[in-house]
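**Q**
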Amino acid sequence: MVPVFAWLLAAIAGITYASWVLQFLLNPELDPVNGYVSELSASDQPYHFLFSAGDFVSGLLTIIVVAAVLRAVRPRGYAMAGWLALFLFGVFSIADSLFAMDCAPNSDTTCALRERAGKVSFAHQFHSVTSVCVVTAGIVSLVALTIASRRHRRWPVIARWSWLLLVVETVTAVATLPLMYFGVLLGVIERVQVAMISVWLFVIAAQLHADRRRAPVPAPTARDRPPGGAAPVRERPESARRPVRGRRHRPDDGAWERTART
Numbered sequence: 001m002v003p004v005f006a007w008l009l010a011a012i013a014g015i016t017y018a019s020w021v022l023q024f025l026l027n028p029e030l031d032p033v034n035g036y037v038s039e040l041s042a043s044d045q046p047y048h049f050l051f052s053a054g055d056f057v058s059g060l061l062t063i064i065v066v067a068a069v070l071r072a073v074r075p076r077g078y079a080m081a082g083w084l085a086l087f088l089f090g091v092f093s094i095a096d097s098l099f100a101m102d103c104a105p106n107s108d109t110t111c112a113l114r115e116r117a118g119k120v121s122f123a124h125q126f127h128s129v130t131s132v133c134v135v136t137a138g139i140v141s142l143v144a145l146t147i148a149s150r151r152h153r154r155w156p157v158i159a160r161w162s163w164l165l166l167v168v169e170t171v172t173a174v175a176t177l178p179l180m181y182f183g184v185l186l187g188v189i190e191r192v193q194v195a196m197i198s199v200w201l202f203v204i205a206a207q208l209h210a211d212r213r214r215a216p217v218p219a220p221t222a223r224d225r226p227p228g229g230a231a232p233v234r235e236r237p238e239s240a241r242r243p244v245r246g247r248r249h250r251p252d253d254g255a256w257e258r259t260a261r262t
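Each step along the sequence shown adds one to the number in UniProt numbering, with nothing skipped, and position 182 is 182.
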């Protein structure tokens, strides 16, 4: 059985991955329409450490959740691919927080010129790689676990809600290409994608919680037995204690037969 803390950690991971919503309180000057979410974690932005910490905590908790699930469930096929992709999502989220950008190119013209001239750090350049890997791993986990839940009918919560998230993620991914060409609404599209991944983590948390509620009650162990090592005595029903006159039970096949009266 998956540990009880797994669903709680998955829910916390979904909350911390949505830390970008604090932008409207902590950094409203950054353009939310055309600016990327990653620019909130840029080194020259206010409260950048808080937004980087959100990605780091979310990635770490996701790794712990996946490790707990793999140890308890031992999935195969699409299910294994989905959980491993979610594990990589956690790894790349941590990398995304460690390799932060130097500045916000979509909100700062000087930063954009530095980026085009190649006068930015390796972390700034590598951040685009980790960001793509995070989104890709999240989408792969969503696709694989959706297929596994519908094929094996094991995770009803995932089967019910994941397809809707998958449709939204697919539409936003397709819309990103033309929007990148025109250079508009990229911040809105990315925020929708990040929000869907947060909801995806909430769905996983709900599924793990539902699994614990539906789990069978374990059989009594030696610790539950009374002193002396004897098994607990069960009371026989009243009907079983009443003698049946004129009949006896045949132990070989369980049939009942009349006996001769004396």
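The beta-carbon is built from N, C-alpha and C at its ideal position, and this holds for glycine as well.
Quick test of the definition: if touching needs 3 or more C-beta pairs under 8 Å, does the segment 52 to 60 touch the segment 155 to 173?
**A** no
**Q** With DSSP run on the structure shown, which of helix, strand or coil describes VAL132?
**A** helix
**Q** ALA210: which of GLY77, ALA159, PHE182, GLU190 sits nearest, CA to CA?
**A** Among GLY77, ALA159, PHE182, GLU190, the Cα nearest to that of ALA210 is on ALA159.
**Q** At which residues does the alpha helix (DSSP H) containing PHE5 begin and terminate?
**A** 5 to 17
**Q** Using the C-alpha atoms, what's the distance from THR110 back to VAL167?
**A** 37 Å
**Q** Closest by CA to LEU25, which one among ALA195, ALA68, LEU50?
**A** LEU50
**Q** Would you call TRP200 buried or exposed, if buried means 16 or more other Cβ atoms sit within 10 Å of its Cβ?
**A** buried
**Q** Report the rounded CA-to-CA distance for GLN45 versus VAL157, giving the unit in angstroms.
**A** 39 Å
**Q** Mark GLY77 as exposed unless 16 or more other C-beta atoms lie within 10 angstroms of its C-beta, in which case mark it buried.
**A** exposed
**Q** Could you compute how far the alpha carbon of LEU177 sits from the alpha carbon of ARG150?
**A** 30 Å
**Q** Measure the CB-CB distance between SER107 and LEU186 and report whether it falls below 7 Å.
**A** no
**Q** By a C-beta neighbour count over all protein chains shown, 10 Å radius and 16 as the cutoff for buried, is SER128 buried or exposed?
**A** exposed
**Q** Within 10 angstroms of the Cβ of PHE122, are there 16 or more other Cβ atoms? Answer buried if so, exposed if not.
**A** exposed
**Q** Please tell me whether SER141 and ALA85 are closer than 7 Å, where the distance is taken between their beta carbons.
**A** The answer is yes: Cβ separation under 7 Å.
**Q** For ALA10 and VAL91, what's the separation of their Cα atoms in angstroms?
**A** 15 Å
**Q** SER198 by DSSP, collapsed to three states: which one?
**A** helix
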